[in-house]
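One structure is given below, encoded as structure tokens.
Chains as they are written, first to last, in the working numbering: chain A, 1 to 233; chain B, 1001 to 1178.
Laid out in structure tokens, this is it:
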């Protein structure tokens, strides 16, 4: 007699219920003498029988046994997977859009503060103007202090040569990151001769920027491109 | 040894009688130990257990001559006079058995387990009735048995508890009576 036989022939249960024939019983007794660890298994079987007995006499057993079979439902699993996938996509989209709030879809430069309105259509306040002009004595450079809250930074650029009919393009590019330049075209000089442009302060980062004032394409603006430097602080 | 004691009490129909039978088994074993017929503690435990098991099986054989298996389950309970500690132990067994049955999804497997362990129907009868192969039957019973043993272990009812502690207590109880 060995372990495999005891398991496959359910000898413990049969021994306890007196269903072993005399030779099997004698062999099992001998096995028990040499393998006392079997007693814990016998004891476990007795506990199980005792538990079932107790449930039977409490009137619980029938209900426990006849409870309907719990069927495995593949569609439920599929629905759960689909739900999880939807949740992941939805959360991902939220995170993505949250991150991309740092790079708004509004332009960096615009010809009017209205065009720089935030996503929530909140009109940005306009800062005090910064004027850029070429001078013989000073470098064409201006410092811009970043406002504490988002605002439209008004920059006024004075062309060296004035023509009231001319149209200009202003291009702004970071000297630090060297990223894509933003530009706005078809700008006209005002009666005071300045060409005005507005910069979204939320998109500005501390550092140096290059601002180029040039004639708009297709317009016969006088002169050539003029470069100014902005130091954002 | 609690399970054996409970089942012996059910079979004998009397908790006190079951305790006496266990004590007799212990005394006999101790005598054999002193006379050198039993040489180790492990053999002592096993011997006590085997004698008690024989008592249980004798009682159950006797019952079966009068009633059928299914009726025997009812008869065992009706006659037993139990103590508080036995009631608690029985309640613990019931809780574990309930937990086991709740974990088995198939009503057929639950029925199989009950009819095999409680109503003591044979494997051949059950396989024929449920249309199962030997291997399938073995799998169901094996899984249930192993799971039940896990539940027992989880409740701190490991193998060591079955024999040693109870025997020490019973021996102490026996000495006190002398």
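No residue lacks a Cβ here, since even glycine has one placed at the ideal position from N, Cα and C.
Contact under 8 angstroms by Cβ, residue i with residue j
i	j	result
residue 1152 (chain B)	residue 64 (chain A)	no
residue 111 (chain A)	residue 158 (chain A)	no
residue 1120 (chain B)	residue 1147 (chain B)	no
residue 146 (chain A)	residue 200 (chain A)	no
residue 1096 (chain B)	residue 1112 (chain B)	no
residue 154 (chain A)	residue 184 (chain A)	no
residue 142 (chain A)	residue 213 (chain A)	no
residue 69 (chain A)	residue 1107 (chain B)	yes
Residue i, buried or exposed, once every other Cβ within 10 Å from all chains shown has been counted against 16
i	result
residue 162 (chain A)	exposed
residue 1048 (chain B)	buried
residue 86 (chain A)	exposed
residue 10 (chain A)	buried
residue 1055 (chain B)	buried
residue 170 (chain A)	buried
residue 1070 (chain B)	Residue confidence for residue 1070 (chain B) is low, a pLDDT of 49 falling below 50, so the modelled location carries little weight; the figure read from the coordinates is stated next. When all chains shown are included, residue 1070 (chain B) counts as exposed.
residue 1109 (chain B)	buried
residue 91 (chain A)	exposed
residue 225 (chain A)	exposed
residue 77 (chain A)	exposed
First and last residue of the uninterrupted alpha helix (DSSP H) at residue i
i	result
residue 51 (chain A)	38-58
residue 235 (chain A)	Here chain A has residues from 1 to 233 only, and residue 235 (chain A) is not among them.
residue 29 (chain A)	22-34
Residues near residue i by beta carbon distance below 8 angstroms, same chain, minus five either side
i	result
residue 16 (chain A)	42, 45, 46, 49
Start and end residues, beta strand (DSSP E) containing residue i
i	result
residue 229 (chain A)	226-232
residue 210 (chain A)	207-215
residue 168 (chain A)	167-174
residue 156 (chain A)	152-158
residue 187 (chain A)	182-188
residue 132 (chain A)	130-133
residue 1109 (chain B)	Here residue 1109 (chain B) belongs to no beta strand (DSSP E); instead the alpha helix (DSSP H) covers 1107-1117.
residue 144 (chain A)	141-144
Close beta carbons around residue i, own chain, < 6 angstroms, minus the five adjacent residues each side
i	result
residue 182 (chain A)	108, 109, 172
residue 156 (chain A)	129, 131, 194, 196
residue 32 (chain A)	38
Cutoff 7 angstroms; reference residue i; Cβ partners in own chain excluding five residues on either side
i	result
residue 207 (chain A)	174, 175, 176, 232
residue 1077 (chain B)	For residue 1077 (chain B), the pLDDT reaches just 49, beneath the cut-off of 50, and the residue's location in the model is therefore unreliable, leaving the point undetermined.
residue 1089 (chain B)	1002, 1006
residue 55 (chain A)	61, 64
residue 1134 (chain B)	1127
residue 12 (chain A)	6, 41, 42, 45
Proximity winner among the options, relative to residue i (alpha-carbon distances)
i	options	result
residue 123 (chain A)	A:135, A:143, A:149, A:20	A:149
residue 180 (chain A)	A:78, A:210, A:125, A:3	A:210
residue 1143 (chain B)	A:2, A:3, A:7, A:1	A:7
residue 4 (chain A)	A:66, A:19, A:28	A:28
residue 113 (chain A)	A:25, A:203, A:198, A:26	A:198
residue 1044 (chain B)	B:1105, B:1027, B:1016, B:1017	B:1027
residue 217 (chain A)	A:166, A:178, A:205	A:166
residue 227 (chain A)	A:204, A:205, A:152, A:135	A:135
Interface flag, residue i vs chain E, CB-CB below 8 angstroms
i	result
residue 1141 (chain B)	The question asks about chain E, but that chain is absent: this structure's protein chains are A and B.
Residue i: CB within 7 angstroms of a non-hydrogen atom of the ligand GTP
i	result
residue 148 (chain A)	Questions concerning the ligand GTP fall outside what the structure shown contains, since it holds no ligand whatsoever.
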